[in-house]
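Colleague: Here the numbering used here is used: the first residue of the sequence shown is 1, the next is one more, and so on. All residues carry an ideal CB built from backbone N, CA and C; glycine is no exception.
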Amino acid sequence: REDIARVEIPTLIGVGTKDDIAGSPHKLAELMPRAVALDIPNRDHMLAVGDRVFKKAALDFYSELAGN
């Protein structure tokens with residue numbers, strides 16, 4: 001917990017709502033000062049990253065970091 005709390009870079013943590021491997025993105029994001037949690041609806045561990053919800057959230061996340 002102490003090590004992860006020192007991660008100060010902006011981090012997007014996306015996890016599928018049907019993922020029984022990764023656990024809650026919210027619990028991890030609470031430990032990191034600049035993390036954002038994202039629930040990816042109806043996706044499991046393997047299909048979450050390819051989902052449109054994740055892709056849009058990632059683009060929005062990077063756009064916000066760039067100041068756009």
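Considering only C-alpha positions, which residue in the set G23, A29 and R1 is nearest to P10?
Modeller: A29
Colleague: Would a C-beta distance cut-off of 8 Å place A57 and G16 closer than the cut-off?
Modeller: no
Colleague: Tell me where the alpha helix (DSSP H) around D39 begins and ends.
Modeller: Here D39 belongs to no alpha helix (DSSP H); instead the beta strand (DSSP E) covers A35 to I40.
Colleague: Could you check what DSSP says for L12 in three-state terms: helix, strand or coil?
Modeller: strand
Colleague: Taking its Cβ as the centre, do 16 or more other Cβ atoms sit within 10 Å of R34, making it buried, or is it exposed?
Modeller: exposed
Colleague: Which of the three DSSP states, helix, strand or coil, is assigned to S63?
Modeller: Three-state result, S63: helix.
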